[in-house]
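Q: Heads up, the sequence shown is in full-length UniProt numbering, so the first residue is 1 and it goes up one at a time. Glycine is no exception: its CB is placed at the ideal position from the N, C-alpha and C atoms.
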Amino acid sequence: MHFSTFDWSLLIGVGKMTPSATKVISASDAHDKSSRLRHVVDKYAHPNDAELHHLHAADPNVSYRSSFFRLQIDTLLQSVCEDQKGLDGLQKLLFDIKTHIESTGNQQVTEQLLQIQGLPIHNHIKRKEIVLAFQKPSRIDIIGNFILQNSIKTLSNALVIDITVEIPSSCFVPKDFKDFRYADKRNLYLGVLVSKLEEMDKLVKSIHLAPFRCEYEKPIAIIRMKKEALLHHKITNHDIQLRLIPSISIDTFKLGKLAPSRNNIRYDAAAESEHQRQTPLYNNAILEDMMFRRHTRELHMAMKSPSFAEACRLVKVWVRQREFDKEIDSVNGFLLCMLLLYLHTKKQFSAEVSSEQMVKVLLHFIATMDLKKQPIAFTPAEDGVEVTGEGMRVFQTAFPLVFLDSSGRCNLFGRISHAAWIEIQMEAQNSVHLMQSEEINDFRQVFIHRSKIWTRYDQFYWIPAPIAVEKANDNVYSAEERHDILDKGLETAWKDKVQNLLCEALSNRVTSVRAVLDECVEWKASDVVPSSRKLVVGLRIDPANAWRLVDRGPRNDNKVECAKYRQLWKGLSDVRRFKDGSIVESVVWDGLDEKKHMVIDSIVRDIVHAHYPHVNAQSITSSNHPIQSALNMNGFSSVLAAPSNLHAVFGNLCKTLRNLDTLPLRISDIIPIHPSFRHTNLYPLQQHPLAYARSETIGSIPFTQASTVLEPLTIHLHFEKSSSWPTEIAAFQHAKTGFYVHIAQELYAQYQMRCEVAIDCVDVITTGYAFRLVVHSEKELAVIAGAQGSRKLAVLNSPKYIEIKRESDYLPKHANKIHALSTKFTAFGPTVRILQRWLCEKCLSNNLSIEVVELLVAYVFINSSPATLPQSVVSGLLKSLRLISDHNWKQFPLLVDFDTTFGKEHRREILKRFDASRSSPSTHPALYIASDYEDMDCLSSWTRIRPERVVLQRLVSMAAQSYEIMLRWFSRGCSLTGWKQAFRLLEHDFDAVIQLQPRKLPSRRVQVEEGSTCFSAPIYKNLDLSSVPIMIGFDPFRSLLSDLQSQYHSIALFFVNDMKQDVIHITWRPTTFLPAKFRAIASNELIPLPQVDATEECVRTFAVPNMFQLLSEIQTNGGDMIQSIELKLSQC
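#1: Does DSSP put aspartate 809 in a helix, a strand or coil?
#2: Am I right that valine 529 and tryptophan 523 are in contact with their C-beta atoms under 8 Å? What's the rounded C-beta distance?
#3: In the DSSP output, which residue or residues are listed as bridge partners for lysine 779?
#4: Pairing CB atoms from the stretch 185-193 with CB atoms from the stretch 151-159, are three or more of them under 8 Å?
#5: Can you confirm whether the stretch 713-721 touches the stretch 772-783 when touching is taken to mean that 3 or more C-beta pairs between the two stretches lie within less than 8 Å?
#6: Which of the three DSSP states, helix, strand or coil, is assigned to tryptophan 494?
#7: Could you say which of Pro947, Ile1030, Ile163 lies nearest to isoleucine 140 if we only look at CA atoms?
#8: How far does the alpha helix (DSSP H) with leucine 335 in it extend, from its first residue to its last?
#9: If I'm right that serine 917 touches histidine 924 with Cβ under 8 Å, what's the distance once you round it to whole angstroms?
#10: Within the same chain, show all residues whose beta-carbon is closer than 7 Å to that of alanine 885, passing over the 5 residues directly before and after it, in chain order.
#11: Give me, in chain order, the residues of the same chain whose beta-carbon lies closer than 6 Å to that of cysteine 503; leave out the 5 immediate sequence neighbours on both sides.
#12: Please classify threonine 1116: is it buried, with 16 or more other beta-carbons within 10 angstroms of its beta-carbon, or exposed?
#13: Which of the three DSSP states is assigned to valine 192 in this structure?
#14: Phenylalanine 378 and serine 406 - do their beta-carbons sit closer together than 8 Å?
#15: Would you decide whether valine 709 is buried or exposed? Buried here means 16 or more other CB atoms lie within 10 Å of its CB.
#16: Since leucine 710 sits in a beta bridge, which residues does DSSP pair it with?
#17: Using the C-alpha atoms, what's the distance from valine 537 back to threonine 621?
#18: Quick one: using the 10 Å Cβ neighbour count with 16 as the cut-off for buried, is arginine 409 buried or exposed?
#19: Considering only C-alpha positions, which residue in the set Leu371, Leu335, Ile422 is nearest to leucine 401?
#20: What first and last residue would you give for the alpha helix (DSSP H) that runs through lysine 227?
#21: In chain order, what residues of the same chain have a beta carbon less than 6 Å from the beta carbon of phenylalanine 324, not counting five sequence neighbours either side?
#22: Which residues bound the beta strand (DSSP E) around histidine 300?
#23: Does the stretch 425-439 touch the stretch 295-312, meaning 3 or more C-beta pairs lie closer than 8 Å?
#24: For a test of the three-state rule: what should DSSP assign to aspartate 329, helix, strand or coil?
#25: Give the single residue among Thr279, Gly256, Ala815 whose Cα lies nearest to the Cα of arginine 266.
#26: Can you name, in chain order, every residue of its own chain whose Cβ lies under 6 Å from the Cβ of arginine 224, other than the five neighbours on each side?
#27: Excluding the five sequence neighbours on either side, which residues of its own chain have a C-beta within less than 6 Å of the C-beta of alanine 610, listed in chain order?
#28: Residues in the same chain with beta-carbon distance under 7 Å from isoleucine 250, minus the five sequence neighbours each way, listed in chain order, please.
#29: Output the residue ranges of the alpha helix (DSSP H) runs that lie fully inside the UniProt domain "Nrap protein" (988-1125) and measure 4 residues or longer, sorted by chain position.
#30: Following a CB-centred definition, is alanine 183 positioned closer than 7 Å to any heavy atom of the ligand GTP?
#31: What runs of the alpha helix (DSSP H), each 4 residues or longer, lie entirely inside the UniProt domain "Nrap protein" (307-449)?
#32: Whole angstroms are fine: how far does the CA of lysine 904 sit from the CA of proline 60?
#33: Between the Cα of glutamine 357 and those of Thr368, Arg540, His344, spot the shortest distance and give me the residue it belongs to.
#34: Does DSSP put arginine 949 in a helix, a strand or coil?
#35: Could you tell me the distance, in whole angstroms, from the CA atom of tryptophan 494 to the CA atom of isoleucine 485?
#36: To the nearest angstrom, how far is the alpha carbon of lysine 257 from that of alanine 858?
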């Protein structure tokens, strides 16, 4: 028996050139060489390829990035390569196992005699019992990553060794390839080996069965060794895991009988006589068991190149990080290594190029190659066959994708579906884009970050597992479907059927549909085979078509197409006449006018149930509905008017303001600033019944008690340029106040509008809304920065200047850019809202303003490729949480480039200023976000003060936890309440809690219950609502929080939930209770500590803050707003 796959000396032994051979050089060769050396190239000639390569490498920008990229690859390879130390006794261990396997005696084996429930036995022809004449293996070989020395560390950190056990040809008869007899005998053979190895109880820790390439019907054995046995064999620091794979020799069956056009499974003799079906996947599964040694031999020949071996490792990391190897119809590391070998044999790259260049060539090939139309094949080996054009068309008819090995018979991509290849292409396109970009951090996106299927699609649906054919009624599966189940297997056939059905039903509502099976598991040989797995379907949504309520089919006069359409929709379609006069077959989704996001849910449930009545529509769970419910906050519904009325009311107000011709200056621009105008406000828009003028008509009001506090909608007014503005700050503010008074007088005199004038604004109350008008001038910043010299520099860096620049200059630009994004991407606004909801539930909403949240989400949408752009709330939330948790905030700024105006020099300047800012930790923003509308002297203006570094750490930690919880929620079936765990707050993280009195605070809702708050008024039918006193922008909760932060900023951090506004959480700063020198001026807030040495007069008294006195002061300052203060004691 040979333990190696083949004679390694034939490959490794390379003859060396002898001295005598080096002297055999002809005179003509020497003359040619000398003439080439004497040849002088024209100094004006164009550089050749080699010179261009050196010039490119000398470019400092390119060379720095390429060198850093190479350094990252080297570091990655060092971390993923298997450590070969401590394997001295591995050879003896493997030979012990080999010897024990070969000691198995010849025997007759049947399913009944073997008594192993965990092996799937088809026994397709029930009248014939499967009998295996067992003989010891004809050879045992090591194949795969270990022998090729290109393996990477597994997640369990175990050393995995693949071993093929070749079943002797004498165990089969010539026609055993038919009717699953080969599969049954293969599994029986594996069962005998498992039973034999279980006798080695001193060496073997456990033996489990596992699916080969995620296929339960084709199991392999996983053997794990005991730690004591490994130490006995001098194997340290390693867990050994052997994968026992049955195989056969290439001459076991006639290869022509396994062609993809052949049918080797009998289903119904009568049906087969009428229509001959083919079983390509069944035949290909037998062929792949013959080719293990061939493929290992071919890969080993290429492993002479160190770069090729490195490229194989990088490709395997790329596959594993995307979990393609866990899908039954996708690629794994071996298949991409074979594709890399194919490109090498086709001279797409040489063996001397670097590993990263090989990977780039491979990813570019995957991203651009349409294998559905262009099959590929290795050059046939000596014992292979040349596939003709007709033969290749046979393969293309039988398989979605074709990639033939060197035998010309086995399709390496036989299991890969077209939908899986599209998914792989999307990831390859994104990786190519990242590897070609100029961001140094993109390496992490390609090779380090895990990209599970849950991050690649917008919506997911969990569909129950298929029912077994023998348990199903005759009308569940058609004859064609039953034959597909025999060829593909029950799970794969069910997956393909559901995927094709949803593709046809959803049509252009989605850009891609991907159906995958739940994760496979291992099982013991004594247990039954795991039951069929559930199906999860991921959808990439096309927002332009996804939410329509009518699906129009063919014209009524096209009888053939109408019959097909009715067959698809199974009674859900009907003939309808439309306004354009057309009469067509169509499906109308009634009752979803206000819930258009539920249209796709209804289609998926109804179409699957219509075609498979045994699948209950309610058993299909969706990721869409539970997350959407997080945006539907109770108490915010209103039937007074639709949300779109805001823009109509705002448009009328703009016309009114522009018609004011008595103002000293003409209004040049009116900019809506409030988040409601750009669809990112957390709360739904509502018209308030108390925000109407006496002359305006109010519709019916469905409630009797309303809040008297209104939230103002801020609007910026810009006037035409003028040199008459004052040059002093106080006078400038008085001039603006004069404009507010004048505007209010004119609006009341001409239009009878209700107006409330303040020093810094004027509130216009009309048609259910309170608009707050704020005047800004281009001279405002110049007036504030009027100082000269060093004093001017101090003013430019002052918080007051930054705040005014942010409010007057940046905020209008920010609002316009965010409004454009919200208009362009339908999922942008809901994503901002759901992220605000998450921040509120985590009590972080007071540390990140709405503008910061919008910038974070904008970065996700702007920097996503078309293949990864989020088109749903779920996808947007996941990507936003991942950005917060994964971005290296300490080392890199976040650059939000709305209009792609950041060039190399601009980015370099921002990085330079970021590094300069880091040298001053006290003023450096912890969350450094620079946008393209900010000036270089005022970057990261929205995060200059908040969040602090300790708050950022909390934010990053919570985002990482919520991200993982969301992924688990997806993987466990998208229950109705499971997502709430990602929004849950652990209150034991805080030191104290201030409970507020809800009745003393205004409600954010328009409709309130009587007695629930002091800030409410009754609404009667004949009451003049314009006479009810209202308060605009009154927020005592914010005022209390602001006072607490300004007074106790040095000793505590405060966290609130802006959505509920019922509690204020307190966390003491780490240095709060460190002993400090006693100060008499703050003696009421300090507790003196005992003196260290009372005998010496010079010893100063130290003190710590009096926690109880501080809380008592807070209680006093809050007055009736504070109900109680609870001190949280740490659990030690």
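A: According to the structure shown:
#1: helix
#2: 7 Å
#3: Bridge partners of lysine 779: none, in fact.
#4: no
#5: yes
#6: helix
#7: Ile163
#8: 333-345
#9: 5 Å
#10: Looking at the sequence itself, residue 885 is serine, so the reference to alanine does not match. So the list reads Val956, Ala959, Ala960, Tyr963, once near-sequence residues are dropped.
#11: Val513
#12: exposed
#13: helix
#14: yes
#15: buried
#16: Ile1032
#17: 10 Å
#18: buried
#19: Leu371
#20: 227-232
#21: Ser330, Val331
#22: Counting along the chain, histidine 300 falls outside any beta strand (DSSP E), though it belongs to the alpha helix (DSSP H) covering 292-302.
#23: no
#24: coil
#25: Thr279
#26: Lys205, Ser206, Gln241
#27: Lys570
#28: Met290
#29: 1036-1047, 1107-1118
#30: The model depicted lacks the ligand GTP and carries no ligand whatsoever.
#31: 333-345, 355-368, 389-398, 418-436
#32: Because proline 60 sits at a pLDDT of 44, beneath the cut-off of 50, its placement in the model cannot be relied upon, and the point is left open.
#33: His344
#34: helix
#35: 8 Å
#36: 58 Å
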